[in-house]
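>
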Amino acid sequence: MNAASTRPLRLAYGRINQETNALSPVTTTIDDFKATHFVDVGDDLLRRCARGTPEVDGMFKNAELSGFVQRLRARSTREQLDAVAVPLLSAWAVPSGPLTRACFDALVDALCGKLAAAQAEATIDGVYLSLHGAMNVIDLSLQDGESPESEIVRRVRAVVGDALPVAVSLDLHGNLTRGLVERSTFVQAYQTNPHRDHAAVGARCADVLVDTALGRIRPVLRWRSLPMILGGGNNIDFLKPLRPIFQRMKALQKDRRVLGTSLLTVHPWNSHRELGWSTLVATDALRDDDAAFADDAADELARRAWDVRHQLPPGFASPEQAIARARRRTLLRKTGVVVLSDASDVVSAGAPGESTALLRALADAADLVSYATLRDPALVDDLWKHRQSGDVVDVTLGGKLDPSRGQPWAVRATLLHKRSAHGVGRMAVMQVASLRLVVVEGPAIAVRPLYYKQAGLNPWKADVVVVKNFFPFLLFFAPLMRDVVYVKSGGVTDFDAAFALSFHGPVHPRDKVDDWREADRRRRLHTAWGAPTMAETNATKPATQPAAETAPAAPSPSTAPVDWRTRPPAA
């Protein structure tokens, strides 16, 4: 039961998640969410968050929302709490170009509409939002310090007011902004890369939200922002140079004052003007007087992150160099495959997925059986309507979704067969010499062996398999991967491509930056330099009532949740 022990503790939860590549011309619409993951029926979302049920078809069995719901249920049983998980909406799209304004508004309006309906039915005591942190939206006017994710939280606050605790989880590649931190009660990012702690992050948010709503803790957030978009070597959490930082974060979390720690290494192709790595530490204000420990810890983590800025990602091979290396792996290929990451056209980082540079080189390597993929909706539609398996076709691949960067490839191929799969839609599998090419109408999100299996291909029978991914494939391909080569062929996910974006002030490594503190101060504090942020003010002063224009009608005294910022400590 809640602190008043008169009614259930009702915690609402939902997701709006998309990682944007600002350099991609392929906009994201509501149809892209519906093709990947869009659940707006409460019972369906609850079912997907149960043990043994895939939360996101084809992607995750247990992600953040499952972790949240399952932890809430476990604590309800263990502590005899009458706690209820109230499902709202879950929408997840494959990374791509910016969202249309209509798409963004439709998603947020749906989320907030369901939240308002849930609140009208019975009191809501807290809200959990699973967001990304690297979303861009066309024609969404935002002031400095704001982001699409902070706008989502702002609109949620307009429904529930400032008194309710709101917990937010982010991807490790999210961009932390002042608006997001100031409107959130608790923020927690993934602590792994490749990401494998989705459910654990959701569970942590459940713990903090429950304990905050019950008055057991009072979260306070302290953070730092660095003018830095690349660094930290290969960016893998369990390898140097980032491993010592993540180990330090885990050590900090053993302190009873600490509720969570985050290091966000950003998605460098984000168009936010204040883009950069960030650190955040959440502590319990009932144990951390004046948030001094949180402030010192956030600063320490920022210094550690800044110290690894000169360790840039390793250089990548050309297509020809990658194929030459695969040829040399003769013995290794007898027991598995060589995986080539098409690092210039990474669909899981928002690229269009239609680069032909690596495909051309693989087609010329007739001694290697290779699997690759490309997105071409128009070609797939034509082949499905007018061609049969076994037909020899003359086609032009690439250069359609992103003509300014595309390299059209005219080729004669044999249509092997057609398939369809959730998330990618219709497929046409073609053969060019020893290359098996999976052409798809949806995102060419080649991350798992399952992608090629759904296309009717057996990855174990290939010498070379191409993925459109930076990190997670390392986990999924581990059983059959004998070597991996990252390939640079020119595209919107080249690291230096991000240097073309416009930022406020210099950013490392594009520019020479000697110290991070000036940029951090500008990003965290209000424009009147030295003025305290909302979060700093709230930590030391009694809370004021929510603004009249954003606060919902006040619940009756018998059902009203207690303001988490002023609630006395639980007995």
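If you count the sequence shown from 1, you need to add 355 to reach my numbering.
In this text, a Cβ means the ideal position worked out from N, Cα and C, and glycines have one as well.
1. Could you round the C-beta distance between residue 493 and residue 453 to whole angstroms and report it? I think they count as a contact, below 8 Å.
2. Following the continuous alpha helix (DSSP H) through residue 831, name the residue where it begins and the one where it ends.
3. Rounded to whole angstroms, what's the CA-CA distance from residue 458 to residue 519? Just pull it up for me.
4. Would you check if the distance between the CB atom of residue 722 and the CB atom of residue 821 is smaller than 7 Å?
5. Only counting the same chain, and skipping five residues up and downstream in sequence, which positions put a Cβ closer than 8 Å to that of residue 628?
6. Pairing CB atoms from the segment 404-416 with CB atoms from the segment 742-761, are three or more of them under 8 Å?
7. Spatial neighbours of residue 729 within its chain, please: C-beta separation below 8 Å, excluding the five flanking residues on both sides.
8. Mind the definition here: the segment 597-606 touches the segment 419-438 only if three or more C-beta pairs lie below 8 Å; say whether that holds.
9. So residue 442 is in the beta strand (DSSP E); what residue range does that whole segment cover?
10. Helix, strand or coil for residue 488 per DSSP?
11. From residue 443 to residue 515, what distance separates their C-alpha atoms?
12. How long is the line joining the alpha carbons of residue 631 and residue 759, rounded to whole angstroms?
13. Taking 7 Å as the cut-off, decide whether the C-beta atoms of residue 842 and residue 681 are in contact.
14. On the CB-based measure, 16 or more other CB atoms within 10 Å of its CB, does residue 845 come out buried or exposed?
15. If you draw a straight line from the alpha carbon of residue 921 to that of residue 509, how long is it in whole angstroms?
16. Once DSSP output is grouped into helix, strand and coil, what is the label at residue 474?
17. For residue 590, count neighbouring Cβ atoms within 10 angstroms of its own Cβ and tell me buried if that reaches 16, exposed if not.
18. Note down the Cα distance separating residue 811 from residue 417, rounded to an integer number of angstroms.
19. Going by beta carbon distance, what residues of the same chain come within less than 6 Å of residue 613, once the five residues before and after it are set aside?
20. To the nearest angstrom, how far is the alpha carbon of residue 701 from that of residue 496?
21. Report the rounded CA-to-CA distance for residue 433 versus residue 483, giving the unit in angstroms.
22. If you compare alpha carbons, which of 390, 561, 823, 864 is closest to residue 699?
23. Classify residue 367: buried if its beta carbon has 16 or more other beta carbons within 10 angstroms, exposed otherwise.
24. What residues are listed by DSSP as bridge partners for residue 728?
25. Under the rule that 16 or more other beta-carbon atoms within 10 Å means buried, what is residue 853, buried or exposed?
26. For residue 481, which three-state DSSP category applies?
27. Considering residue 574, what are the terminal residues of the beta strand (DSSP E) in which it resides?
28. In angstroms, rounded to a whole number, what distance separates the CA positions of residue 905 and residue 511?
29. Tell me, to the nearest whole angstrom, how far the beta carbon of residue 784 is from that of residue 771; I am working on the premise that it is less than 8 Å.
30. DSSP three-state label for residue 671, please.
31. Less than 8 Å between C-beta atoms, sequence neighbours within five positions excluded: which residues of the same chain meet that for residue 430?
32. Please classify residue 546 as buried or exposed, where buried requires at least 16 neighbouring CB atoms within 10 angstroms.
33. By a C-beta neighbour count over all protein chains shown, 10 Å radius and 16 as the cutoff for buried, is residue 765 buried or exposed?
Quick look at the numbers:
1. 5 Å
2. 828-831
3. 27 Å
4. In this structure, residue 722 lies away from residue 821, with their beta-carbon atoms at least 7 Å apart.
5. 499, 857, 858, 859
6. With a cut-off of 8 Å, the segment 742-761 and the segment 404-416 do not count as touching, because too few Cβ pairs lie within range.
7. 708, 709, 710, 711, 714, 752, 753, 792, 793, 794, 795, 799
8. no
9. From DSSP, the beta strand (DSSP E) with residue 442 extends over 438-447.
10. coil
11. 14 Å
12. 28 Å
13. no
14. By the neighbour-count criterion, in which a residue is buried when 16 or more other Cβ atoms sit within 10 angstroms of its Cβ, residue 845 is exposed.
15. 21 Å
16. helix
17. buried
18. 26 Å
19. 607, 638
20. 28 Å
21. Rounded to the nearest whole angstrom, the C-alpha separation of residue 433 and residue 483 is 21 Å.
22. 823
23. buried
24. 793
25. buried
26. It is a strand residue.
27. 574-580
28. Below a pLDDT of 50, predicted positions are generally treated as unreliable, and residue 905, at 37, falls in that range; no measurement from the model is reported.
29. Right, the Cβ-Cβ distance comes to about 5 Å (below 8 Å), so this counts as a contact.
30. It is coil, neither helix nor strand.
31. Listed in chain order, the non-local C-beta contacts of residue 430 below 8 Å within the same chain comprise 436, 438, 561, 562, 565, local neighbours out to five positions each way being set aside.
32. buried
33. exposed
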